[in-house]
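Chemist: Counting from 1 along the sequence shown, just add 6 to a position and that's the residue number in the working numbering. Ideal Cβ positions, reconstructed from N, Cα and C, are used throughout, including at glycine.
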Amino acid sequence: MFYVQRDAQGQLVRVEAAAWAEATETLPADHHEIQAWFANAAVENSLKQLKQSDLEMIRVLDDLIQVLTQKGVIRVTDLPPAAQAKLMDRTQAREALGGLSQLIDDEETGLI
Numbered sequence: 007m008f009y010v011q012r013d014a015q016g017q018l019v020r021v022e023a024a025a026w027a028e029a030t031e032t033l034p035a036d037h038h039e040i041q042a043w044f045a046n047a048a049v050e051n052s053l054k055q056l057k058q059s060d061l062e063m064i065r066v067l068d069d070l071i072q073v074l075t076q077k078g079v080i081r082v083t084d085l086p087p088a089a090q091a092k093l094m095d096r097t098q099a100r101e102a103l104g105g106l107s108q109l110i111d112d113e114e115t116g117l118i
């Protein structure tokens, strides 16, 4: 059983497993509104995780491109002009912040 609170339009605005003062009704766990509420929460959580992962992967790819260019495996000019411009912008911003040394946490463990 879940305790819920609705807005003026009858939409769920809060769902909790424990009772609280503003709860206006209870709904069983298998109720379609409860199922939809938790499905939306799961989707939102997954999207947040993907967004954070995207930000972390950008850093990894940026570092990878830097290493490959420094080792002569690729040249920046091998990339499309739009990618070159974005990399140059990022390189300038990183240099302004002190370079690569502070981007990866030295205490992180595991392999890429």
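#1: So the candidates are V49, R12, L74; which of them puts its Cα closest to the Cα of T32?
#2: Please report the residue range of the alpha helix (DSSP H) in which E101 lies.
#3: So what does DSSP say about Q4, is it helix, strand or coil?
#4: Tell me R12's beta-bridge partners as DSSP assigns them.
#5: Residues in its own chain within less than 7 Å of E28 by CB, not counting five upstream and five downstream?
#6: Should W26 go down as buried or exposed, given a rule of 16 or more other Cβ atoms within 10 Å for buried?
#7: Between T75 and V66, how many whole angstroms is the CB-CB distance? I'm expecting something under 8 Å.
#8: Opposite E31 in the DSSP bridges: which residues?
#9: With DSSP collapsed to three states, give me the class of V79.
#10: From V49, G104, M63, Q72, pick the residue whose C-alpha is nearest to that of M94; which is it?
#11: If I40 sits next to V21, beta carbons under 8 Å apart, how far is it from one beta carbon to the other, in whole angstroms?
Modeler: In terms of the structure at hand:
#1: Residue R12 is the option with its Cα nearest to T32.
#2: Here the alpha helix (DSSP H) through E101 covers 87–102.
#3: In this structure the chain extends from 7 to 118, so residue 4 is not present and cannot be described.
#4: Paired residues: L18.
#5: Setting aside the 5 residues that flank it on each side, E28 is surrounded in the same chain by Q11, each with a C-beta closer than 7 Å to its C-beta; the list follows chain order.
#6: When all chains shown are included, W26 counts as exposed.
#7: Between V66 and T75 the Cβ distance is about 15 Å, and since that is not below 8 Å, they are no contact.
#8: Per DSSP, V10.
#9: Of the three classes helix, strand and coil, the one that applies to V79 here is coil, per DSSP.
#10: When only C-alpha atoms are compared, the closest one is Q72.
#11: So it is a contact: roughly 7 Å between Cβ atoms.
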